[in-house]
Amino acid sequence: MKLMNKSLMVVLMGMLVFAACKKDNPTPTDPNNPGGSGNNPPAPTNTQLISAKPWKLSSSRLIEQGQTDTTNVTIVGSADWRFTFAANGTGTIVGTFLNSGEMSWAFAANETRVDITKTGSSAVSYNYTPTSLTRTIPNVTLTLLDAGGNPVGQVTGTVLEAWEKMP
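Now the structure itself:
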């Protein structure tokens, strides 16, 4: 009987040691390897990235015809210009040279370009990265205004637009 108690005790102790050594947690997620093997979450797609937040105009620069330097141009109302991309390829435009309205959009050129088409208009292309949209617009004539909003002249050149995601 004592032998049986000792044997049972040894078996129970062995099971306890084995259970204590069992690995409970899988390999932790590697934040430097999104979408990799193991239990890492998949990396977000470009569609998820572009549609995550609205985009705003971050800068507009003008290269006047015959000039090589660029200067910032404040376009009246441009602080409120927005693109909102929906994951289904639709969205809205507020302000911009395209004017406000509904749009459709699609990636092109291996997802390095976004083609935006305002309803009833032609497509306009922007270079795309997950953090920026950029476009060059040649031969734009802008009316210059004084502090009171009165026209004081015009300037023609190439506009460089840069957009960023809103925080």
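Anchor point for the sequence shown: position 82 equals 82 in my numbering, and the numbering is continuous, going up by one each time. Note that beta-carbon positions come from the ideal geometry of N, C-alpha and C, so glycine has one too.
Query	Result
Nonlocal neighbours in the same chain, by C-beta distance under 8 Å from Val-155, ignoring five residues either side	Leu-62, Glu-64, Thr-141, Leu-142 and Leu-144
Neighbourhood of Asp-24 by C-beta distance below 7 Å, restricted to the same chain and skipping five residues each side	Here Asp-24 scores only 49 on pLDDT, less than 50, and its place in the model should not be relied on; the value that follows carries that caveat. Closer than 7 Å at Cβ, skipping near neighbours: no residue.
Residue from Ser-121, Val-114, Arg-113 and Ala-108 with nearest C-alpha to Ser-100	Ser-121
Classification of Lys-53 by the beta-carbon crowding that lies within 10 angstroms, buried from 16 upward	exposed
Buried versus exposed, by CB contacts within 10 Å (16 or more), Met-103	buried
Given Leu-217 as reference, the closest of Pro-41, Ala-147, Pro-44 and Ser-51 once Cα atoms are compared	Past the edges of the chain, shown from 1 to 167, lies residue 217, and the structure says nothing about it.
Distance between Thr-129 and Val-94 (C-alpha atoms, nearest Å)	21 Å
Three-way DSSP call (helix, strand, coil) for Pro-75 in this model	The residue asked about is misnamed: residue 75 is Ile in this sequence, not Pro. Coil at Ile-75, not helix or strand.
Nearest-angstrom Cα separation, counted from Thr-136 out to Thr-70	13 Å
Lys-56 vs Arg-82 beta-carbon contact at 8 Å	yes
Residues near Ser-59 by beta carbon distance below 6 Å, same chain, minus five either side	Ala-162
Three-state secondary structure assigned by DSSP to Asp-146	coil
Proximal residues to Thr-84 (C-beta, below 7 Å), its chain only, five neighbours per side dropped	Pro-54, Gly-91 and Thr-92
Sequence-distant residues of its chain with Cβ nearer than 6 Å to Asp-80 (five each side left out)	Gly-95
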